[in-house]
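*Asks:* Numbering (the numbering used here), first residue to last: 1 to 124.
Positions of the beta carbon are idealized from the N, C-alpha and C atoms, including for glycine.
Owing to the predicted nature of the structure, the values given are computational and were not obtained by experimental measurement.
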Ligand code: SF4
Ligand code: SF4
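(1) Using a Cβ-Cβ cutoff of less than 6 Å, which residues in the same chain neighbour residue 98 once the five nearest sequence positions on both sides are dropped?
(2) Count the other CB atoms, across all protein chains shown, that sit within 10 Å of the CB of residue 3; report buried if there are 16 or more and exposed otherwise.
(3) Any heavy atom of ligand 2 inside 7 Å of the beta-carbon of residue 60?
(4) Would you say the beta carbon of residue 31 is closer than 7 Å to some non-hydrogen atom of ligand 1?
(5) Cα separation between residue 62 and residue 14?
(6) Starting from residue 83, follow its DSSP beta bridges and name the residues at the other end.
(7) Pairs of beta-carbons, one from the region 76-87 and one from the region 12-32, closer than 8 Å: are there three or more?
(8) What does DSSP give as the partner residues of residue 66 in its beta bridges?
(9) From this set, 73, 47 and 43, which residue's C-alpha is nearest residue 87's C-alpha?
(10) Can you look up residue 7 in the DSSP assignment and give me helix, strand or coil?
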């Protein structure tokens, strides 16, 4: 994978760091991993489930939106798709856009320090 840069961001990302990281961005404090309609359908197909079944089993509704459920893990939480045996994502190929676009989120554009504390793959 190597080094990834994106226009408008004052940092780069070494995707190879994920191998030795232990999935820090998928565990820790409680958070939201939003999924849209298309992603829900992709997941349902992946698991060979009806959309409604998938929603019931894996999603939490916040107002009119859906986020992946979390489970208790270590002293905090983990995404329901975090696999502690591999310390990584069990649905990597169908992970939602929010996960795919990390760490290039608008939120982090002016919060590089915060991001560096969370992700060992961040390069100056
Ligand atoms: S925190 Fe960073 S290095 Fe670790 S798994 Fe997530 S993206 Fe990869
Ligand atoms: S879907 Fe996968 S990459 Fe996204 S937070 Fe959950 S475990 Fe991590």
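*Replies:* The short version:
(1) 33 and 34
(2) exposed
(3) For ligand 2, no non-hydrogen atom lies closer than 7 Å to the CB of residue 60.
(4) no
(5) About 33 Å.
(6) 88
(7) Remark: three or more beta-carbon pairs, one from each stretch, lie closer than 8 Å, so the region 76-87 and the region 12-32 are flagged as touching.
(8) 35 and 61, per the DSSP bridge assignment.
(9) 73
(10) coil
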